[in-house]
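Residue numbers (this note's numbering), protein chains in the order written: chain F, 1 to 387; chain Z, 1001 to 1489. Glycine is no exception: its CB is placed at the ideal position from the N, C-alpha and C atoms. The structure under discussion appears below in the form of structure tokens.
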Amino acid sequence: MAKKVDHKVRPLKDYYSDAMVCTYCGFCKSVCPTFRLTKSDARSPRSKVIISWGLLSGEIEPSEGVRDIIYTCTTCMDCSRRCPSQVKALDITMAARRELAELGLIPEAEKTALAHIAKENNPIGEPQEKRTEFVPERDMARVGKGAEVLVYLGCNTAFTEMRITKYLFDIMDRAGVDYTLLGKDEPCCGMLNYLVGLEVKGFAQTMKEKLDTLKPRPTTVVTPCPGCFRSLSQNYSEFVDLGVTVKHTIQFFLELMEKGKLHVKKKLEGKVLYHDPCDLGRHTGIYDEPRKLLSYFTKIEEFQYNKELAHCCGGGGGLMAMNYEMSVGIAKERLLEAIEKGADIVVTACPSCEDSFSAALPEVKSQTGKNLKIIDLTEIIAKYTTA
Amino acid sequence: MVFSDGQSGYPMAKDLEGMLKELQKLLGDRFLTGEADRYCYATDSSIYRSMPDAVAIPINTEEVVKIVKLANKYEVPLVPRGGGTGLCGAAVAIHGGIIIDMQKMAKIKEVHPESLYCTVEPGVVYDDLIRALKPHGFTFPTAPGSGEACTIGGMVALNASGMRAIKYGATRDYVLALEVVLPSGEVCRCGTHTLKNSSGYQLEKLFVGSEGTLGIITEITLKIVILPKSRAVALATFDSMEKAGQTVSNIIAKPVIPSSMELMDHTCIEVANKGANAGFPDVAGLLIIECDGEIEGVRREMKSVEEVVRKSGALNFESTEDPKVFNRWHDGRQSILPALGRLKPELKIVSLADDMAIPIANIGKTVMAFDKIAKKNNIIVATYGHASDGNLHTKLLIDPTKPEDWKRAERTVEEIYKAVLELDGTVSGEHGIGVSKAPYFMNERRSAIGVMKAIKRALDPKNIMNPGKMFDWEKKGIMGPLRYPAEVE
């Protein structure tokens, strides 16, 4: 079950007292992926609280320097988990982002993606017509029809993650699920806008309207992207009640396995580690379902830092667009942890994690000589099950 | 907040611009001058905030040498900094100048279990070193509470330690050799890789606790010890803190040397229970006692501890070898700080009178004295600490936006340290002096300050290394540039 996390971005002034509760002990540094990689205090969660205090107290002015500190963050939320004083450093960071975004102090890379969202309804900049490009011909007839289940692909899966998209449809069709798609009408979930610090009320309302157009109206929305999952299941709740149960595909696939709609065809070979995506783990508390699902196919081994303690892949928070090198560096560190554990395969359940890991893989291979494989859990279900 | 504007009355940089230009050339993007970056380095875990003029991030000794030589040439203050976890302001650039962030010098260079030493760069984080030593079956057992964020360089600079000092000592006891870049820019290698050393002045010991005032530490060789194989922990409760304190001395006099004895007063117990559901009994004071080593020895020691605790009038005694139980007690102990911070919305924990050491036999009296001082000044003073080595921590809770609260806090601190000195103690057991203990330190070490100043002058005639700290703090009180929104004279 997903946990309910308060993701409301509040005004920075609401954190005046919290910023003083912070004792600057620095424990958040030890878990922060950007600090661990750079070893620079200006890249730590503590500094984000310090900078936020500077803005609150008027001791410093908003600037590009402030922007670079506040946005150099994967939003993995490990800092908030670790804080002995229970200061939610990520919430403060998000509040500071909101302040900066209102002033237009947004990283250039994110500005381009936001412009694409405004114009093309996706951060990639592809025309909306292409949103169904990877939907199999056989499933095109489902678009716009009413059904119990709506498969919400999300921008990454629709436009860039062709492999996952194909496997997702294979699984749904194999299990005989009656589902629908929004096709070219599928809106962006606005996660990037949220991460940048902008309001997502409009996205929430649009999503509700789109659901209203489907007759009968779906009761469940299934999405393969943990970011979209967070948007729909948590971020929107401040603005609208979508009137549906939102599930990540992993939760849905597990139900299909448990109901006997899918059966194990073969087992996965090699030592397998499961990487908890931050959006699915610390942000929404989905730890058991992916492990339960994966355990149908293999004996799962754990990273030393797993579940609540899992280290980030480096791809979150918009960091990859802003600082690709840093993102890949963080991903590399996580993969080296896997190699230390003797892993052959790292399984994840997030297109962004797979992206960052794939980008880091060549360097990990040249450094260690190991042929580590990165697989999305969706691919395993598709390849290793039968109806 | 103070900016480096020459207003502080301290001799300021002779040619700051010249220095900045040369450092930019030397370090490139590892030299930070932007306002936001400098603001991140303007404070540590103390109550102070003061803007440095720049931040330099060296990656090797050669770069440190060049930075120090430039600082000498241009007469610009340098403030070395590790993890920035210090509680007394030692890493705050009170008089501006350049912060030297040592965190990128973080290599564990050598581990030699067979010769009982390891050599590391100063930026290595304590917990990272512990993880690296563990597979060898060894450890560096000083166990500071800030272990997951503090650096070995910072620990050496402050002679840091933690709850196991009674059995394992403090950082100074483990430093075998140091490489230090002196204020002149010369590299001084002092000490050896041997456990014994009678070769002249043991300068490596002098640099321990020098708080960045005598040079910049660039390499550290530490003695390591065998990782204890097992441990047992006991919880002993008392109807008075005096009895709890007296029990600590009774245990040692038995004689038994546990690996730690942690003391908590009623305020700490209350907040740990309220804030973290620690489940401690509602008593006036308690001790968490740990024994470690070979299992037979641990059991024998724990039996002796129980005997003494019961004879000393404890309300209850409960011991366990179950890690789950002692982790729960340990978590309860660790929760004191966050729980105190959430006790009342308007009150915040401020790092004042955070650390003192007293002869073990005087613990009971000290705690009673603190209680009296707190009541007199109408201020919440929570007392806990590493009672086994006489090291206590007090946390003051005030509204840091109110100048009158700061004045009351300063008065309380003054009285606390007066009591500590009367009870034959010292103002710092493990956190160092920095700024927030400077006046009381100067009072305590009156007869030695002259010698310390002579050493400082001999090594650093231009006073470029961390000026304004320890005996160089010029004010009578401890109110400096606060990081809180209150102007206090």
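Proximity winner among the options, relative to residue i (alpha-carbon distances)
i: Z/D1173; options: Z/P1052, Z/S1199, Z/V1181, Z/P1141; result: Z/P1141
i: Z/N1327; options: Z/K1462, Z/G1279, Z/H1112, Z/I1433; result: Z/G1279
i: Z/I985; options: Z/A1244, Z/T1194, Z/S1351, Z/Y1117; result: Coverage of chain Z is limited to positions 1001 through 1489, which leaves residue 985 of chain Z absent and any answer about it impossible.
i: F/R334; options: F/L319, F/A321, F/P187, F/V364; result: F/V364
i: F/E61; options: F/P33, F/L103, F/R46; result: F/L103
i: F/E129; options: F/F303, F/S30, F/D185; result: F/D185
i: F/K247; options: F/V222, F/Y287, F/F297; result: F/V222
i: F/K370; options: F/I345, F/V9, F/I117; result: F/I345
i: F/A19; options: F/E308, F/D6, F/L90, F/C73; result: F/L90
i: F/D69; options: F/V87, F/T93, F/A387, F/Q86; result: Going by the sequence as given, residue 69 of chain F is Ile instead of Asp. Residue F/T93 is the option with its Cα nearest to F/I69.
i: Z/G1153; options: Z/N1197, Z/A1091, Z/S1115, Z/L1195; result: Z/A1091
i: Z/P1135; options: Z/S1436, Z/T1401, Z/H1112, Z/L1343; result: Z/H1112
i: Z/S1046; options: Z/I1360, Z/E1035, Z/G1209, Z/C1088; result: Z/C1088
i: F/L361; options: F/L192, F/R217, F/S17, F/G329; result: F/G329
i: Z/S1184; options: Z/E1075, Z/K1021, Z/C1190; result: Z/E1075
i: F/R291; options: F/V272, F/E64, F/S327, F/R98; result: F/V272
Cβ separation of residue i and residue j, assumed to be a contact under 8 Å, to the nearest whole Å
i: Z/E1242; j: Z/M1368; result: 6 Å
i: F/A175; j: F/L262; result: 5 Å
i: Z/H1382; j: Z/L1340; result: It is Ala, not His, that sits at residue 1382 of chain Z in the sequence shown. With 8 Å as the limit, Z/A1382 and Z/L1340 qualify as a contact, their Cβ atoms being about 6 Å apart.
i: F/F203; j: F/C189; result: 6 Å
i: Z/L1158; j: Z/G1086; result: 6 Å
i: F/K265; j: F/Y167; result: Their Cβ separation, rounded to whole angstroms, is 14 Å, which puts F/K265 and F/Y167 out of contact at 8 Å.
i: Z/E1290; j: Z/R1231; result: 6 Å
i: F/L150; j: F/P224; result: With 8 Å as the limit, F/L150 and F/P224 do not qualify as a contact, their Cβ atoms being about 13 Å apart.
i: F/C76; j: F/G316; result: 6 Å
Spatial neighbours of residue i in its chain, beta-carbon cut-off 7 Å, leaving aside the 5 residues before and after
i: Z/V1187; result: T1061, V1065, E1179, V1181
i: Z/D1005; result: The pLDDT assigned to Z/D1005 is 40, lower than 50, so where the model puts this residue is not dependable; a value taken from the coordinates is nonetheless given after this. There are no such residues.
i: Z/Y1010; result: Because Z/Y1010 carries a pLDDT of 49, less than 50, the predicted location of this residue cannot be relied on, and no value is offered for it.
i: F/E120; result: E126, P127, Q128
Contacting residues, own chain, Cβ-Cβ under 6 Å from residue i (five flanking each side not counted)
i: Z/F1003; result: For Z/F1003, the predicted model reports a pLDDT of 37, less than 50, meaning its position is unreliable and no value from the coordinates is stated.
i: Z/I1057; result: R1030, D1101, K1104
i: Z/D1127; result: G1147, E1148
i: F/T112; result: none
i: F/T72; result: T34, R43
i: F/L198; result: A101
i: Z/D1389; result: A1165, I1166
i: F/P45; result: C28, C32, C79, A89
i: F/D41; result: S47
Own chain, CB closer than 8 Å to residue i, minus 5 neighbours either side, in chain order
i: Z/I1373; result: V1381, T1412, E1415, I1416, A1419
i: F/Y287; result: D276, G281, K307, E308
i: F/K13; result: L56
i: Z/V1308; result: T1247, N1250, I1251, K1254, V1256
i: F/L372; result: L335, A338, I339, A343, D344, I345, V346, L361, V364, K365
i: F/K8; result: E238
i: Z/I1349; result: L1337, L1340, G1341, K1395, L1396, L1397
i: F/L192; result: E110, A113, L114, I117, P123, G318
i: Z/G1576; result: No answer is possible for residue 1576 of chain Z: it lies beyond the span of chain Z, which begins at 1001 and ends at 1489.
### Message
So if I threshold CB-CB distances at 8 Å, which residues from the segment 12-30 of chain F count as touching chain Z?
### Response
Those residues of the segment 12-30 of chain F that come within reach of chain Z (Cβ to Cβ, closer than 8 Å) are S17, M20, V21, T23, Y24, C25, G26, F27, K29, S30.
### Query
Quick one, which residues of the segment 60-86 of chain F are near chain Z if we go by CB-CB under 7 Å, in chain order?
Answer in chain order: I60, S63, G65, V66, I69, P84, S85, Q86.
### Query
Along the chain, which unbroken stretches of the alpha helix (DSSP H) at least 4 residues long are found entirely within the segment 1161-1223 of chain Z?
1165-1168, 1203-1207, all fully within the segment 1161-1223 of chain Z.
### Query
Can you give, in chain order, each stretch of the alpha helix (DSSP H) that sits fully within the segment 170-215 of chain F and has at least 4 residues?
Runs of alpha helix (DSSP H) with 4 or more residues, each lying fully within the segment 170-215 of chain F, are found at 191-196, 201-213, listed in chain order.
### Query
Quick one: complete alpha helix (DSSP H) runs, 4+ long, within the segment 66-145 of chain F?
Whole alpha helix (DSSP H) segments, 4+ residues: 78-82, 89-102, 108-120.
### Query
Listed in chain order, which residues of the segment 43-57 of chain F have Cβ atoms closer than 7 Å to some Cβ of chain Z?
Residues S47, I50, I51, G54, S57.
#### Entry: Complete runs of the alpha helix (DSSP H) confined to the segment 1440-1480 of chain Z [at least 4 residues]
Fully enclosed alpha helix (DSSP H) runs of 4 or longer: 1446-1459.
### Query
Between the segment 222-256 of chain F and chain C, which residues of the former have a C-beta closer than 8 Å to a C-beta of the latter?
Protein chains F and Z are contained in the structure displayed, whereas chain C is not.
### Message
For the segment 1026-1041 of chain Z, list every residue whose C-beta sits within 7 Å of some C-beta in chain F, in sequence order.
### Response
Within the segment 1026-1041 of chain Z, the residues whose Cβ lies closer than 7 Å to some Cβ of chain F are L1032, G1034, E1035, A1036, D1037, Y1039, C1040, Y1041, listed in chain order.
### Task
Give, in chain order, every residue of the segment 1313-1341 of chain Z whose Cβ lies closer than 8 Å to some Cβ of chain F.
Under the 8 Å Cβ criterion, the segment 1313-1341 of chain Z contributes Q1334, S1335, L1337, P1338, G1341.
#### Entry: Proximal residues, the segment 1141-1173 of chain Z versus chain F, C-beta separation under 7 Å
Among the residues of the segment 1141-1173 of chain Z, those with a Cβ less than 7 Å away from any Cβ of chain F are S1146, E1148, A1149, in the order of the chain.
### Query
Mind pulling the beta strand (DSSP E) runs of 3 or more residues that sit fully within the segment 354-383 of chain F?
Taking only runs of at least 3 residues, the beta strand (DSSP E) segments lying wholly in the segment 354-383 of chain F are 373-376.
### Query
Relative to chain F, which residues along the segment 1106-1124 of chain Z have a C-beta separation below 9 Å, given in chain order?
Those residues of the segment 1106-1124 of chain Z placed with their C-beta closer than 9 Å to a C-beta in chain F are A1106, G1123, ordered along the chain.
### Query
Residues in the segment 32-43 of chain F with C-beta within 8 Å of chain Z's C-beta atoms, listed in sequence order?
Flagged, chain order: K39, S40, D41, A42.
### Message
If we require 4 or more residues per run, which alpha helix (DSSP H) segments fall completely within the segment 13-62 of chain F?
### Response
For the segment 13-62 of chain F, the continuous alpha helix (DSSP H) assignments of 4+ residues that do not extend past its boundaries occur at 16-21, 33-38, 45-57, in sequence order.
### Query
Using a Cβ cut-off of 7 Å, which residues of the segment 1079-1100 of chain Z contact any Cβ in chain F, in chain order?
Within the segment 1079-1100 of chain Z, the residues whose Cβ lies closer than 7 Å to any Cβ of chain F are, in chain order, G1083, G1084, T1085.
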